[in-house]
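Student: Counting in my numbering, the sequence shown runs from 60 upward without gaps.
No residue lacks a Cβ here, since even glycine has one placed at the ideal position from N, Cα and C.
One structure follows; several queries about it will come next.
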Amino acid sequence: MLGLVDIQQCCGLPVLTKEEEERIFAEYHYTGATTNIHPLLSSLINYTHPVKFSGFDVAEGNNLHFHMSSFSESTGLGYLKQCAPEFVNYNKRQLSRIYPKGARVDSSNFLPQIFWNAGCQMVALNFQTPDVYMQLNMGKFEYNAGSGYLLKPDFMRRPDRTFDPFSESPVDGVIAAHCSVRVISGQFLTDRKVGTYVEVEMYGLPTDTIRKEHRTKVIAANGLNPVYAEAPFVFRKVVLPELAVLRFAVYDENGKQLGQRILPLDGLQAGYRHISLRSDTNQTMVLSPTLFVHIVIKTYVPDELSGLVDALADPRAYLSEQKKRQEALAHMGVDDSDIVEVCGF
């Protein structure tokens with residue numbers, strides 16, 4: 060490494076004394092382009108102030124929205140386990156950043172959905188590893204024009220609401236959903252003559268998350284146009300549809316992923332749909348593979364009310380069914396006068 064005197068000698072410059080150097084440095088003022096930055100733009104450069112987290116009570120007492128704290132995934136999970144509603148309230152006021160624990164020397168990732176459920180705004184993952192959790196992140200933030208900004212549900216922003224992401228009860232003001240997906244066929248899944256199968260998963264609140272349960276049978280030696288024609292995969296009760304996403308993944312018979320797609324539940328349209336699949340890194344693929352599916356989305360109805368809802372939805376069919384039952388009872392020797400109407404129909 061060259062010192063200042065060495066540089067001066069190499070360049071043929073006069074050698075300055077130490078006192079002269081100190082005087083020049085003391086009198087020097089930078090007059091470059093940064094002095095012309097507009098004050099409003101300059102004020103945006105540091106819009107958060109990173110601080111050490113000292114507890115939810117301390118943060119609430121300070122009430123400084125620009126304070127941002129970072130948590131390792133292990134620490135964040137600890138706070139979620141012990142005081143999840145307080146973590147949600149903290150994220151209403153200020154930003155939190157979650158980063159992978161140091162033990163992930165293989166650059167693996169954790170499930171970001173756990174922290175999204177608590178309203179954490181910056182969930183950092185190892186971008187170099189395109190695993191399922193990274194695909195979930197890329198698929199979710201593909202929406203809203205890929206801006207990287209998704210507005211949290213209303214009750215996760217309002218100061219007058221308390222939310223526990225581990226609750227299995229319905230959320231006040233939120234209508235639970237019922238979803239079923241029937242995988243009918245695939246198109247151009249691979250140019251290899253291999254068996255294929257499809258998995259359909261849901262990620263959301265813990266009570267809404269269903270993994271490794273819904274899978275089609277393997278269609279042997281057909282990666283071009285396999286027909287699955289499976290019975291519908293049912294997600295019976297989705298407590299919080301606004302946070303839920305569906306994951307479609309196609310694998311070959313050896314378990315190698317051929318394509319995948321992450322779709323938010325509240326953005327799905329019911330009916331027959333072609334779902335374009337993406338690569339591990341969420342890029343479009345050369346063959347443009349698709350899945351042909353039938354999707355049903357409706358309001359969740361408890362079992363004890365399903366008959367009433369069906370009757371209201373189609374009263375003629377309900378009355379026709381009643382007529383058949385009445386005739387069957389008459390066949391068994393029961394007189395109509397012995398029957399008491401109990402359901403109001």
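Would the region 344-363 and the region 218-228 be scored as touching if the rule is three or more Cβ pairs under 8 Å?
Tutor: Segments in contact, no.
Student: For Gln141, report the span of its alpha helix (DSSP H) as first-last.
Tutor: Glu132 to Arg152 is the extent of the alpha helix (DSSP H) around Gln141.
Student: Please report the distance separating the alpha-carbon of Phe187 from that of Tyr158.
Tutor: The residue asked about is misnamed: residue 187 is Gln in this sequence, not Phe. Cα to Cα, Gln187 sits roughly 14 Å from Tyr158.
Student: Quick check: what's the CA-CA separation for Gly326 versus Ser133?
Tutor: When rounded, the distance between both Cα atoms is 32 Å.
Student: Would you call the region 190-207 in contact with the region 122-138, where contact means no fewer than 3 C-beta pairs closer than 8 Å?
Tutor: Touching, no.
Student: Run through the region 177-220 for me and flag every whole alpha helix (DSSP H) of 4 or more residues, listed as ranges in chain order.
Tutor: Whole alpha helix (DSSP H) segments, 4+ residues: 191-199.
Student: Are there 16 or more other CB atoms within 10 angstroms of the CB of Ala387, so buried, or fewer, so exposed?
Tutor: Under this definition Ala387 is an exposed residue.
Student: If you follow the beta strand (DSSP E) that Gln328 is in, where does it begin and where does it stop?
Tutor: No beta strand (DSSP E) holds Gln328; DSSP gives it neither H nor E.
Student: Should Gln169 go down as buried or exposed, given a rule of 16 or more other Cβ atoms within 10 Å for buried?
Tutor: Residue 169 is actually Phe in this sequence, not Gln. The residue in question, Phe169, is buried, as its Cβ has 16 or more Cβ neighbours within 10 Å.
Student: Per DSSP, Glu260 is paired with what?
Tutor: According to DSSP, which records beta bridges pairwise, Glu260 is partnered with Arg306.
Student: Relative to the C-alpha of Thr275, which residue among Leu283, Asp339, Pro171 and Gly254 is closest?
Tutor: Here the closest residue by C-alpha is Gly254.
Student: So which of Leu136, Asn150, Gly135 and Tyr106 has the shortest CA-CA distance to Glu119?
Tutor: Closest by alpha carbon: Asn150.
Student: When you compare only the Cα positions, how much space is there between Met60 and Ala85?
Tutor: Per-residue confidence for Met60 stands at a pLDDT of 47, beneath the threshold of 50, marking its modelled position as unreliable; the derived number appears in the next sentence. Straight-line Cα distance between these residues: approximately 24 Å.
Student: How long is the line joining the alpha carbons of Ala303 and Ile234, rounded to whole angstroms?
Tutor: Going from the Cα of Ala303 to the Cα of Ile234 covers about 13 Å.
Student: Tell whether a beta-carbon distance below 8 Å holds between Leu154 and Gln180.
Tutor: It is a contact, given that the beta carbons lie within the stated cut-off.
Student: For Arg156, which option in Thr107, Ile321 and Ile356 has the closest C-alpha, if you only look at C-alpha atoms?
Tutor: Selected option, being the one with the closest Cα: Thr107.
Student: Is Leu388 helix, strand or coil by DSSP?
Tutor: Leu388: helix per DSSP, three-state reduction.
Student: Applying the 10 Å Cβ sphere with the 16-neighbour rule, what's the burial state of Leu248?
Tutor: Its Cβ being crowded by 16 or more others within 10 Å, Leu248 is buried.
Student: Let me make sure I understand the geometry here. Which of Lys383, Val293, Val117 and Ser228 has the alpha-carbon closest to that of Glu260?
Tutor: Nearest C-alpha to Glu260: Val293.
Student: Output the residue ranges of the beta strand (DSSP E) runs that lie fully inside the region 236-298 and measure 3 residues or longer, sorted by chain position.
Tutor: With a minimum length of 3 residues, the continuous beta strand (DSSP E) runs that stay inside the region 236-298 are 236-246, 255-262, 269-274 and 292-297.
Student: With DSSP as the reference, identify every bridge partner of Thr107, one or two as the case may be.
Tutor: DSSP output for Thr107 lists no bridge partner at all.
Student: If I follow the unbroken beta strand (DSSP E) through Val352, where does it start and stop?
Tutor: Where Val352 is concerned, the enclosing beta strand (DSSP E) stretches over Thr349 to Thr358.
Student: For Arg82, which of helix, strand or coil comes out of DSSP?
Tutor: Residue state, collapsed to three classes: helix.
Student: DSSP three-state label for Arg163, please.
Tutor: Coil.
Student: Helix, strand or coil for Leu61 per DSSP?
Tutor: Note on Leu61: pLDDT 44, under 50, position unreliable in the model; no value is reported.
Student: Among residues of its own chain, excluding the 5 on either side of Leu63, which ones have a beta-carbon nearer than 6 Å to its beta-carbon?
Tutor: Only weak support is given to the placement of Leu63: the predicted model assigns it a pLDDT of 49, under 50, and the question is left unresolved by the model.
Student: In whole angstroms, what separates the C-alpha of Val257 from that of Pro189?
Tutor: Rounded to whole angstroms, Val257 to Pro189 spans 19 Å at the Cα level.
Student: Would you mind reading off the limits of the alpha helix (DSSP H) that contains Gln172?
Tutor: Unbroken alpha helix (DSSP H) run through Gln172: Gln172 to Trp175.
Student: Would Phe214 pass as a contact of Pro265 if the rule is Cβ separation under 8 Å?
Tutor: Against a cut-off of 8 Å, the Cβ pair of Pro265 and Phe214 comes out as no contact.
Student: Check for me: the alpha helix (DSSP H) holding Gly120 runs from which residue to which?
Tutor: Start and end: Phe115 to Asn121.
Student: Is it buried or exposed, Arg375, if we count other Cβ atoms within 10 angstroms and call 16 or more buried?
Tutor: That one is exposed.
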